[in-house]
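*Asks:*
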Amino acid sequence: EHLKKAGEHAAAGDLYRKLGRYGEAGVCYRDADDFPAAAEAFRAAEQLEPAAEAYSRCGKFAEAADSYARAGRADLQAEMLEKAGDIFTAGKLYAEQGKADGAIRLMQQIPADSPNYGEACSILGRMFQEKGMHSLSVKKFTEATGSHTIARNSVDAFYELGRAHERQGDLVGAIEIFERILSFDYHYKDAAACLERCKAMLAKQSEDLPPLTAPTAPAPATRRYEIVRELERGGMG
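Using my numbering, read the sequence shown as starting at 0 and increasing by one per residue.
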């Protein structure tokens, strides 16, 4: 205590540590600007947020992220992971917290040759979807699925692509995706209900189409075309 009052914070911290009073040692080391020692002392005392702050002050961002994770502070964990250069994990955390702008900013930095690129595209698709940017959402989900066949690690991306097509009004595209999902796993989420809903909506659209009227027959010299039936309209016109 006298060393601390005399401003000898590092020496006081050493004595507190020998006494097993790690929290007080951490405070002394912090006051002495010895942040690595402060971080270790706070961690030994299970004072995780002060430990994380001390790790951050000395540039140990990965350790700071781990301490924030143990403290249940995923928001600050994401910030530390970003500073540590782990932009993929940081972006996933931002996405889980609903921080779309942060997730988009980081996931767009994942290179195409990264093993995490497909998952990054899927996350981008969800973030664009939350922001109401449905065309970009479809584009990123399409990149996420690529030319791959449906597998256990990619079926969720296919499901999200089907939902994105449905939201965009492309019912034919959505039906195709949901049918592929059901052929892989008939009980996957609510894919069967989504398929039936899209089929019903498509049937209703067909019923709502105005009847085709026979055109007035033009003069034989000018008649070149004949309307047989309407094939599609809208997004698949």
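We treat Cβ as the ideally placed atom computed from N, Cα and C, and that holds for glycine.
Below 8 Å between beta carbons: does that hold for F140 and S121?
*Replies:* Position 141 of the sequence shown, counted from the first residue, corresponds to residue 140. Position 122 of the sequence shown, counted from the first residue, corresponds to residue 121. Against a cut-off of 8 Å, the Cβ pair of S121 and F140 comes out as a contact.
*Asks:* Cβ atoms of D74 and Q46: under 8 Å apart, would you say?
*Replies:* As a first step, residue 46 must be located in the sequence shown, where it is residue number 47. As a first step, residue 74 must be located in the sequence shown, where it is residue number 75. No; because the gap between Cβ atoms is not below 8 Å, this pair is not in contact.
*Asks:* Under DSSP, the alpha helix (DSSP H) around Y15 begins and ends at which residues?
*Replies:* Taking the sequence shown and counting its residues from 1, one reaches residue 15 at position 16. Counting along the chain, the alpha helix (DSSP H) containing Y15 begins and ends at 8–17.
*Asks:* Going by alpha carbons, who is nearest to G168 out of P35, K198, I149, K91?
*Replies:* Residue 168 sits at position 169 when you count from the first residue of the sequence shown. With distances taken between Cα atoms, G168 lies closest to K198.
*Asks:* From the DSSP output, in three-state form, read off V26 for me.
*Replies:* Along the sequence shown, read from residue 1 onward, the residue named residue 26 stands at position 27. It is helical.
*Asks:* If I measure Cβ to Cβ from I149 and keep anything under 7 Å in the same chain, skipping five residues before and after, which residues do I get?
*Replies:* Reading the sequence shown from its first residue, position 150 is the one you call residue 149. Answer for I149: F157, R179, I180, F183, listed in chain order.
*Asks:* How big is the Cα-Cα spacing for H1 and G12?
*Replies:* Along the sequence shown, read from residue 1 onward, the residue named residue 1 stands at position 2. Along the sequence shown, read from residue 1 onward, the residue named residue 12 stands at position 13. C-alpha separation (whole angstroms): 12 Å.
*Asks:* Using the three-state DSSP reduction, which class does I109 fall into: helix, strand or coil?
*Replies:* Position 110 of the sequence shown, counting from 1, holds the residue named residue 109. Coil, per DSSP.
*Asks:* Assign A192 to buried or exposed, taking buried as 16 or more other Cβ atoms, counted over all protein chains shown, within 10 Å of its Cβ.
*Replies:* Along the sequence shown, read from residue 1 onward, the residue named residue 192 stands at position 193. Label assigned to A192: exposed.
*Asks:* Within the same chain, show all residues whose beta-carbon is closer than 7 Å to that of G101, passing over the 5 residues directly before and after it, in chain order.
*Replies:* Position 102 of the sequence shown holds residue 101. Result list for G101: Y93, in chain order.
*Asks:* Measure from the alpha carbon of M106 to the alpha carbon of each residue in A83, A9, G90, K98, then state which is nearest.
*Replies:* Working through the sequence shown from its first residue, we reach residue 106 at position 107. Residue G90 is the option with its Cα nearest to M106.
*Asks:* Taking the straight line between their C-alpha atoms, what separation do you get for A40 and R20?
*Replies:* Start at 1 with the first residue of the sequence shown, and residue 40 comes out as number 41. Start at 1 with the first residue of the sequence shown, and residue 20 comes out as number 21. In a straight line, the C-alpha of A40 is about 9 Å away from that of R20.
*Asks:* How far does the alpha helix (DSSP H) with S134 in it extend, from its first residue to its last?
*Replies:* Taking the first residue of the sequence shown as position 1, residue 134 is located at position 135. S134 -> alpha helix (DSSP H) spans 133–144.
*Asks:* Alpha helix (DSSP H) containing L162: first to last residue?
*Replies:* The residue given as residue 162 occupies position 163 in the sequence shown. Reading off the sequence shown, one finds Arg at residue 162, where the question assumed Leu. 154–167 is the span of the alpha helix (DSSP H), which, as asked, contains R162.
*Asks:* Could you tell me the boundaries of the alpha helix (DSSP H) in which Q204 lies?
*Replies:* Within the sequence shown, residue 204 is the residue found at index 205, counting from 1. Its alpha helix (DSSP H) spans residues 190–207.
*Asks:* When burial is assigned at 16 or more other CB atoms within 10 Å of the CB, is Q128 buried or exposed?
*Replies:* Position 129 of the sequence shown, counting from 1, holds the residue named residue 128. Result: buried.
*Asks:* Am I right that Y28 and A9 are in contact with their C-beta atoms under 8 Å? What's the rounded C-beta distance?
*Replies:* Here residue 28 is taken as the residue at index 29 of the sequence shown, counted from 1. Here residue 9 is taken as the residue at index 10 of the sequence shown, counted from 1. With 8 Å as the limit, Y28 and A9 qualify as a contact, their Cβ atoms being about 7 Å apart.
*Asks:* Reducing DSSP to helix, strand and coil, say where A150 ends up.
*Replies:* Locating residue 150 in the sequence shown gives position 151, counting from the first residue. Three-state DSSP puts A150 in coil, outside helix and strand.
*Asks:* Between the C-alpha atoms of A38 and I86, what's the straight-line distance to the nearest angstrom?
*Replies:* Taking the sequence shown and counting its residues from 1, one reaches residue 38 at position 39. Taking the sequence shown and counting its residues from 1, one reaches residue 86 at position 87. Looking at the two C-alpha atoms, the distance is approximately 24 Å.
*Asks:* Taking Cβ to Cβ, would you say A61 is nearer than 8 Å to A83?
*Replies:* Here the question's residue 61 lines up with position 62 in the sequence shown. Here the question's residue 83 lines up with position 84 in the sequence shown. For A61 and A83, yes; Cβs fall inside 8 Å.
*Asks:* Quick check on DSSP: helix, strand or coil for H1?
*Replies:* Indexing the sequence shown from 1 puts residue 1 at position 2. Residue state, collapsed to three classes: helix.
*Asks:* What residue does the alpha helix (DSSP H) around V171 start on, and which one ends it?
*Replies:* Counted from its first residue, the sequence shown places residue 171 at position 172. Element bounds for V171: 170–183.
*Asks:* Which term fits R125, buried or exposed, when burial requires 16 or more other beta carbons within 10 angstroms of its beta carbon?
*Replies:* Within the sequence shown, numbered from 1, the residue matching residue 125 stands at position 126. Flag for R125 reads buried.
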